[in-house]
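Take the sequence shown: its position 143, counted from the start at 1, is 187 in full-length UniProt numbering, and no numbers get skipped. Taking it in order: structure first as structure tokens, then the write-up.
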Amino acid sequence: RDAEQQEIDDLEVRCAAFVPPKDYARFEHLPLCSKTAQGLKKAAYIDMTDIQAKSLPLSLKGKDVLGAARTGSGKTLAFLIPILERLYRAKWGAADGLGALIISPTRELAMQIFDVLRKMGSFHSFSAGLLIGGKDLKQEQDRLARMNIVVATPGRLLQHMDQTIGFDCSNVQCLVLDEADRLLDMGFANTLNAIVENLPKQRQTLLFSATQTKKVKDLARLSLKEPEYVAVREAD
Ligand code: ADP
Ligand code: MG
45 RDAEQQEIDD LEVRCAAFVP PKDYARFEHL PLCSKTAQGL KKAAYIDMTD
95 IQAKSLPLSL KGKDVLGAAR TGSGKTLAFL IPILERLYRA KWGAADGLGA
145 LIISPTRELA MQIFDVLRKM GSFHSFSAGL LIGGKDLKQE QDRLARMNIV
195 VATPGRLLQH MDQTIGFDCS NVQCLVLDEA DRLLDMGFAN TLNAIVENLP
245 KQRQTLLFSA TQTKKVKDLA RLSLKEPEYV AVREAD
């Protein structure tokens, strides 16, 4: 127990003071807890991609981040790592309920995120679940009460916010809007605004998008606080 608190105190200090070292390129250069570091190693993630290397020092400090990078550039780990670190440092447990919410445009993408989380998050003890529709609503409702991290599609998530008694979002520490441009192209702007209104204002928000459109900027203005902009050029 004391060793865990010591690690957490140490991480807080190292994240706040983090300056990338000269040879900065690998996950092991980041101030990460041993459970996350082990999970990355087990999943064979060693070198960071550009968007990971640029955004993680900011997101690990707790800042809101608006990240733009093309498909396939590694955005999933750029938001899963800060979620795990934040909940770990908060000693998040079963009784704390929902701590992180990841919104993805499609069921398929949500399932992919969930699979990555299961693989690289396996040393952590958080419970995670999918809210993607197509499954029995009652079954999702029963499990929802025990979830610390949820990966959801917007329509289904809002449905639970409206209909699931006891679904409590008031503790959410971290919101991720993944593939924001696609979410908006699919017509989810109003749904997303309604979801964000149900969340506590004191939270970290990470927004990732392949492109930076006017609509994405509007969504960012409504959901992020003093965001850091991180963009990786097309040619990278
Ligand atoms: P995006 O969300 O930006 O489209 P993904 O997060 O889905 O990208 O990652 C694309 C692919 O790159 C996946 O197969 C993933 O496993 C792989 N990948 C991501 N980050 C790394 C990394 N640091 N090292 C090696 N492979 C990685
Ligand atoms: Mg992605």
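The beta carbon of each residue, even a glycine, is placed where N, CA and C say it ideally should be. The structure presented is a predicted model; accordingly, all values stated were derived computationally and were not measured.
DSSP state of residue i, grouped into three classes?
i	result
C218	strand
V276	coil
T120	helix
V194	strand
T208	coil
S253	strand
A238	helix
L260	Leu is not the amino acid found at residue 260; the sequence shown has Val there. Three-state result, V260: helix.
A60	helix
Quick check: what's the CA-CA separation for residue i versus residue j?
i	j	result
M230	P149	8 Å
F167	P271	30 Å
S78	I176	31 Å
A172	D186	13 Å
H204	P101	33 Å
L188	D67	43 Å
Q96	T80	15 Å
A233	V274	22 Å
Taking Cβ positions, are residue i and residue j nearer each other than 9 Å?
i	j	result
G111	L250	yes
K98	F62	no
A138	I146	no
M92	F71	yes
Leaving out five residues on either side along the sequence, give the residues of the same chain with a beta carbon under 7 Å from the beta carbon of residue i.
i	result
L243	C213, V216 and L219
D46	none
P198	I147, L227, F232, T235, L236 and I239
Output needed for residue i: all residues of its chain with C-beta closer than 6 Å, excluding positions within five of it in sequence on either side, in chain order.
i	result
residue 369	Here the chain covers residues 45 to 280 and nothing more, so residue 369 does not appear.
D280	Confidence in D280 is poor, its pLDDT being 46 and thus under 50, which makes the residue's placement unreliable; the coordinate value appears in the next sentence. Here the set comprises D94.
I193	A144, F170 and A172
Q256	A112
Quick one: residues in its chain with C-beta nearer than 8 Å to the C-beta of residue i, no 5 flanking neighbours on either side, listed in chain order?
i	result
S103	V109, A122, F123, I125, P126, Q248 and L250
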